[in-house]
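Participant:
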Amino acid sequence: MTTAPSEPGDPRATVTAWFSSRVGGILVPLAATTLAFLIGGLVVAVTGHNPLTAYKAIFEGTGLNWFFPWVAGETREEAANDLQQTLILMTPLVLTGLAVAFAFRCGLFNIGGQGQYWVGFFAGLYIGTNLEGTPRPLHILLALGGGILAGALWGGIAGLLKATVGAHEVITTIMLNWIAIFGGSYLVEIGGPLQGRQPSIPRSDDVFPSAELWPIWGSLPALHAGIFIALFALVVYYVLLNRTTLGYEVRAVGFNPEAARYGGISVAKNYFLALAISGGFAGLAGSVDLLGFKGGVSTGDFSTNLIAFTGIAVALLGRNKAVGILFAALLFAALQVGTSTRQLDPEVFEPALATDLATIIQALVIFFVGAEFLILYAWRARRFLGSQPRIRPELER
Amino acid sequence: MSTAVRTTDLAERARRLTEPRTIAILGIACGVLAFWLALPPWTTRGLGWPLAAGIIAVACGIAAVPRGERKLGYYAIGLGILGTIGALWLQGKDAATLDSILTAGVLASTLRFATPLAFAAIGGIFSERSGVVNIGLEGMMLTGAFFGIWGSVWSGSWVVGLLMAMLFGGLLALIHAFFSIHLQADQIVSGFAVNFLALGLTGYLFSSIYPGGIHENVSRVPNIDLDFLSSIPGIGDFLEGVFGHLNLLVWLMLVVVVLAYVVLFKTPIGLRIRSVGEHPKAADTVGISVYGVRYAAVVASGVLAALGGAFLSIGFVGSFAENMTSGRGFIALAAVIFGKWRPGWSFAACLLFGFGFAVAIPLQREAGISENLISTLPYVLTLVALVGLIGRSIPPAAVGRPYIKQ
Amino acid sequence: MLRPYNLPPMADAPLLELRGITKQFPGVLANDRVDFELAKGEVHALLGENGAGKSTLMNIVYGLYHPDEGEIRLDGKPVRIGSPRDAIDLGIGMVHQHFMLIPVMTVAENIVLANEPTKGPFLDLPSAEARVRELSKQFGLEVRPEARVASISVGMQQRAEILKALYRGAEILILDEPTAVLTPQEARELFAILRSLQAEGKSIVFISHKLNEVLEIADRITVLRQGKRIDTVPGAGATQEGLARLMVGREVVLRVEKPPAEPGETLLSVEDLTVRDERDLEAVRGVSFDVKAGEIVGIAGVDGNGQTELIDALTGLRRPSGGRILAAGEDITSASARECLDLGVGHIPEDRQVRGLVLDFTLAENLALHDFRKEPDSKWGWLYPKRLVQRAGRLLKEFDVRGGRPQTLAAALSGGNQQKVVVAREVSRDPRILVAAQPTRGLDVGAIEFVHRRLVQERDEGRAILLVSFELEEILSLSDRILVLYEGRVAGEYAPGVSEEELGIAMTGGRKQAA
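Protein chains in written order, with the working numbering: chain A, 1 to 397; chain B, 1 to 406; chain C, 1 to 515.
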């Protein structure tokens, strides 16, 4: 009892063990999501709307009913259209989710996905609107590669600052976000360096067709080949973390930097690498979005885009696991598509509200997934209180 | 440890003057001077002086780096070069333009821009001194901004607006406190969720309550007119320009800064807050309620941050926009670190960042630089400050760690 | 423990009485129906091994833990102690093994915390300091009230802790392993203080696992083993052997059996080494020594005399500011941790949970911590998890690690088994030099024996072993040569036959103690 060999009093040990078990790994995110939707419904009800009809309308806008075999005819076509939109949005969410998750595994919180996304977007834009006549696969590869590199650079700045002077990544990445957002606005504003051919519109040119990703399903806009890139990135993420020495180092630093240092691993190098790779994922998200369906960007697009922030919710809900991130990205993509102006009938529930509702639900999911203890309270109370009264009353206060 | 302090003899003092650190600081000063020479009141024209100062700066830096003072030395070198280049670039502009950029008006608006930052930063200091990281300051500000204007419109009185802002900012902080103290959630994740929740909730309520925007007359926090300042001979006009028409909340902010210092360092409450942030178990074993202190400190931080947010909506602009705080909570957080968790120094950092906001407007007007581009200035400044001057600041020892009662 | 006490008859009812205290932690029964009583004015020792439940029992008395069952009586009346506040109000004070002092604050601030003297709404520090001075004089506990805790000696920190309890009006004083951080001379000073406190009518609970100390100071001794009270005996008449048997439950070998050393060539050579600490102060000031193949060199000293910095410098975790380190002839003075590992310097670190293991890694991954970059673990940056598992299976068997398979998380093991994993990793790499820092800290007797035997075995295989420990007994029983580190310098070299007394004097810089 004199030193800390077993720390029997530490309830976190038990909780953490349960959490890393497979059952806990699936149950907790499910419970967190359910709870978040329940409280979201409460908000809807309090502000004088019917949560059931609101959620039903949102669900029908997601296109997920396409998977139901009994949905047929016109509804099915509509559902297909909606599902395409959901999957289009899922693509960057997987990538920004991976960006956040990779940094998490190194013990870093990358809130800078948004900036890295835009920087990757602009690198893609620059390459995509130049180099006319480059063969299509090459042009696409160049633009995507540019996006990855630019994102890695932007993330790498935060990584470098963390590694050299110990500047906290949460603050530096947020600052880099705003710099990227205002800087990006400057690039395409009227008179800006990347403003397009129409002098009165603050918008860039669209990329050349040779740089566009191939459409694979539908047309409004079509689901594009970017989804395969996202799926491939999931595999890369898994392999990188679990099957390479780099991944071993990153995880060691993330779990215990002091032990990693003792093991001969450079903590600073891994901080830098993790944020750079993390930024690469986010930068890829930007360039895939650009080449897949956006084509270009207007100054107005910056304030409405929260894709990388949703990516944080994706990573947390997916528990930084590749499969978890896939499903979490699908959930949040569906939620956002279902609440978008296009999909939601304003008679039922105003889209302006629904979009913010989606944000609220995401926030609640982050809360509940992050607070392992909350969901375990009932479980603990049953297990401990049932058999032995007064075991740790102070925890129940 | 104490030997360096005790030494008073002259030889020791002389030795310290030639220490690399002193040289490096001199170099940094020269680098700044190189730039400043091109600004009012000097408004030097010509290559000579800035270049000379720049060269001295670089020289000092080069002298200091190999003698062990690497970081400061590099700054001296960098500042020498940048300062000279900056000075030469400024000389290309009209000197009159520069005069109009650096006016009493800019100083007054520096104070104005620093106000929301300082409120949030002081809040952040309380929270972090008690051991709870609060990156939710941003969301608490946003909540304050929304409920400030909501209360003000609803009641017709800015007083109610402020009270509502404080109430809801405190409530949001209570959520953060509950998750990070009782549920032992990761404090950064919880703080981030607070931001996200505030963003969604204020957006939702804004669209829901004011579908077409706010058209009512908003009762705003009044300005305090101190016209008598201009009667002071000599600097009267200048003083009046800076302090003459500041908002009530600006003065309140100054009071809060002083109060925060007194509470933290001169009262038993402050001693207890700091003890909880440094060594919660030690505090627990003498009978201090660690949870109680942390709850109080976090809620206080929410109330203060919300005041800062309310200043944005009903003190400054008189309206509300979604996500109108645009990262100010994080700048405040940077100011906390920059100021080493001390109210006075953090306030100084807020002034610096506020200056970044304040010069943006005249710079854009006079120098014709893109508004978007110039808007990056405060963020760049924060980044540079984080990199440069703080290095590895030592936070309260227990910050970020949940306290697990046995 | 249902049988009645065999105690000397006491005049009064006991001041503090514990009856049937039971405390269950997940997986551990820390206290099992423990009875304990403390008479007014006595020094009562609570003796037991690491993990016997001594601290848990006293933390219950101090309100930090809550018992699952049992009753606490004070002056014959049942009391409920829900928090330290309650304990303080009942006149109970506790000096924890890890001091509950805030390093950045002054001694006076620490002592008055939560009971601060005020002037209006403000803190009245001058009168706090005056009050501390007064108490300090009254009980003969010398401290500097205005000094920051971080800058004073461990002994003074301990006195500040005792004053903290006295300031709050403690009548019962609980001291948890108070001598763990002290030299023998400082310990003697502490005993003198305890005697004078006893003379003032205070009652003292003295928690320890050191037999000689307990025999020296205690009026009565209660022995705990695996959470159970084994016996309570009067201090007069008790013997080391008898107590050891009660404590461990069998005869204990107090000395490690080892053949005489056969030193070979010099493997580790340290010349005039200086190392700075985090605060940029010189912590190691010109240390020189050699370690030869096939010998164990022990470094004795009180914590904080440069041991950590010395170890860090030897293992590449901290860059020395001067001097030279040669490992088997290679200059490793400014080598990185990785280069040191590759050059054959093994390192059993001071704290297995902070440094030695990644608790969230599996045992297989932990065992690969040093070698995952090399074949066969990996090739061209590609990791082969199966090979990690295979090797782990082999090592866990060889080193008798219980309670874990290769895929088990390190966090799931007990302290002793965790330490075996660390030892397995370090030894299996076949290092020429092994730096062992506090290798048995917090382990039970079985695990201690295992580690000690293994160290001797490695010595006999021709490794150069540097043992750093704060436990004099460990140093004396294992080392072939002993160096004493005091304030960053080598204060003397001794043969293993040296007395604790003599080492103790060197550990305090050779000054005569005012006892």
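Glycine included, C-beta positions come from ideal geometry on N, C-alpha and C.
List, in chain order, every chain A residue whose beta-carbon is nearer than 7 Å to that of Leu357 of chain C.
Facilitator: The contacting residues are Ala259.
Participant: Determine whether the Cβ of Leu18 of chain C lies closer than 8 Å to any Cβ atom of chain B.
Facilitator: No, no contact with chain B.
Participant: Strictly under 8 Å for the Cβ-Cβ distance: is Asp237 of chain B near chain A by that measure?
Facilitator: No - not a single Cβ of chain A is within 8 Å of the one on Asp237 of chain B.
Participant: Rounded to the nearest angstrom, how far is the Cβ of Phe349 of chain A from that of Ala54 of chain A, given a contact under 8 Å?
Facilitator: The pair is a contact, with the Cβ atoms about 4 Å apart (cut-off 8 Å).
Participant: Whose CA, out of B:Gly169, B:Leu167, B:Gly151, lies closest to the CA of Gly161 of chain B?
Facilitator: Nearest C-alpha to Gly161 of chain B: B:Gly151.
Participant: Out of C:Leu190, C:Pro184, C:Ile172, which one is the CA nearest neighbour of Ala160 of chain C?
Facilitator: Answer by Cα proximity: C:Leu190.
Participant: Three-state secondary structure (DSSP) at Asp86 of chain C?
Facilitator: Asp86 of chain C: helix per DSSP, three-state reduction.
Participant: Which residue or residues does DSSP assign as beta-bridge partners of Val484 of chain C?
Facilitator: C:Ala300, C:Gly492.
Participant: If contacts are defined as beta-carbon pairs under 8 Å, then Gly315 of chain B and Arg220 of chain B qualify, I think. What distance do you get, rounded to the angstrom?
Facilitator: Indeed they touch by this definition, with Cβ atoms about 7 Å apart.
Participant: Do Ile331 of chain B and Thr376 of chain B have their C-beta atoms within less than 8 Å of each other?
Facilitator: Their beta carbons are not under 8 Å apart, which means Ile331 of chain B does not touch Thr376 of chain B by this criterion.
Participant: In the segment 188-264 of chain A, which residue ranges form an unbroken beta strand (DSSP E) of at least 3 residues, counting only runs that do not cross its ends?
Facilitator: Listed in chain order, they are 215-217.
Participant: With DSSP run on the structure shown, which of helix, strand or coil describes Gln24 of chain C?
Facilitator: Gln24 of chain C falls in the strand class under three-state DSSP.
Participant: Taking a Cβ distance cut-off of 7 Å, strictly less, list which residues of the segment 322-340 of chain C are near chain B, in chain order.
Facilitator: Within the segment 322-340 of chain C, no residue qualifies.
Participant: Thinking just about the alpha-carbon of each residue, which of C:Pro496, C:Phe122, C:Ile475, C:Tyr65 is nearest to the one in Pro268 of chain B?
Facilitator: Among C:Pro496, C:Phe122, C:Ile475, C:Tyr65, the Cα nearest to that of Pro268 of chain B is on C:Phe122.
Participant: Which class does Thr106 of chain C belong to by DSSP, given the choice of helix, strand or coil?
Facilitator: Three-state result, Thr106 of chain C: strand.
Participant: For Arg342 of chain B, which residues in chain C fall below 8 Å Cβ to Cβ?
Facilitator: Chain C residues near Arg342 of chain B: none, gap ~13 Å exceeds 8 Å.
Participant: According to the Cβ coordinates, are Phe115 of chain B and Ala34 of chain B closer than 8 Å?
Facilitator: The amino acid occupying residue 115 of chain B in the given sequence is Thr; Phe does not appear at that position. No.
Participant: Let me confirm a value: Lys512 of chain C is counted as buried when at least 16 other C-beta atoms fall within 10 Å, else exposed. Which label applies?
Facilitator: Here the model assigns Lys512 of chain C a pLDDT of 40, short of 50, so the residue's position is not dependable and the matter cannot be decided.
Participant: Could you spell out where the beta strand (DSSP E) holding Val345 of chain C opens and where it closes?
Facilitator: 345-348 is the span of the beta strand (DSSP E), which, as asked, contains Val345 of chain C.
Participant: Going by DSSP, what residue range makes up the alpha helix (DSSP H) through Asp460 of chain C?
Facilitator: Start and end: 445-460.
Participant: According to DSSP, which residues form a beta bridge with Leu307 of chain B?
Facilitator: DSSP, once it has assigned bridges, lists no residue as partnering Leu307 of chain B.
Participant: Of all Cβ atoms in chain A, is any one closer than 8 Å to the Cβ of Phe146 of chain B?
Facilitator: Closer than 8 Å: no.
Participant: What ranges does the alpha helix (DSSP H) occupy inside the segment 26-99 of chain C, keeping only unbroken runs of at least 4 residues that lie completely in it?
Facilitator: Taking only runs of at least 4 residues, the alpha helix (DSSP H) segments lying wholly in the segment 26-99 of chain C are 54-61, 84-89.
Participant: Kindly list the residues whose CB is nearer than 7 Å to the CB of Met247 of chain C, restricted to its own chain and excluding five residues on each side of it in sequence; keep chain order.
Facilitator: So the list reads Leu47, Gly48, Glu49, Val223, Arg225, once near-sequence residues are dropped.
Participant: Going along chain A in order, which residues have a C-beta closer than 8 Å to the C-beta of His370 of chain C?
Facilitator: Going along chain A in sequence order, the residues near His370 of chain C (Cβ under 8 Å) are Gly263, Gly264.
Participant: Quick check: is the beta carbon of Pro349 of chain C nearer than 8 Å to any beta carbon in chain A?
Facilitator: Yes, Pro349 of chain C lies at the interface with chain A (some Cβ there is under 8 Å from its Cβ).
Participant: Tell me the DSSP secondary structure of Asp237 of chain B in three-state form.
Facilitator: Here Asp237 of chain B sits in helix by DSSP.
Participant: Quick check on this structure: which residue in B:Phe196, B:Cys30, B:Ala177, B:Ile337 has the alpha carbon closest to the alpha carbon of Ala52 of chain B?
Facilitator: Among B:Phe196, B:Cys30, B:Ala177, B:Ile337, the Cα nearest to that of Ala52 of chain B is on B:Cys30.
Participant: Mind pulling the chain C residues with CB within less than 7 Å of Glu278 of chain B?
Facilitator: Simply Ile102, Val104.
Participant: Scan the segment 157-212 of chain B and note each continuous alpha helix (DSSP H) run of 4 residues or more that stays entirely inside, going in chain order.
Facilitator: Correct list: 158-177, 187-209.
Participant: Using a C-beta to C-beta distance shorter than 8 Å, which residues of chain A count as neighbours of Val354 of chain C?
Facilitator: Ordered by position in chain A, the residues that pass the 8 Å Cβ test against Val354 of chain C are Asn256, Glu258, Ala259.
Participant: Please list the terminal residues of the continuous alpha helix (DSSP H) segment that includes Leu476 of chain C.
Facilitator: Here the alpha helix (DSSP H) through Leu476 of chain C covers 472-478.
Participant: Quick one: list the residues of chain C neighbouring Thr164 of chain A, beta-carbon separation under 7 Å, in chain order.
Facilitator: Correct list: empty, because the minimum Cβ distance to chain C is about 16 Å.
Participant: If the criterion is Cβ atoms closer than 8 Å, does the pair Leu246 of chain B and Ile224 of chain B meet it?
Facilitator: The answer is yes: Cβ separation under 8 Å.
Participant: Going along chain C in order, which residues have a C-beta closer than 8 Å to the C-beta of Ile404 of chain B?
Facilitator: Going along chain C, no residue has its Cβ under 8 Å from Ile404 of chain B, so there is no contact; the nearest lies around 12 Å.
Participant: Roughly how many angstroms lie between the CA atoms of Phe255 of chain A and Gly107 of chain A, to the nearest whole one?
Facilitator: Spanning the two alpha carbons is a distance of roughly 7 Å.
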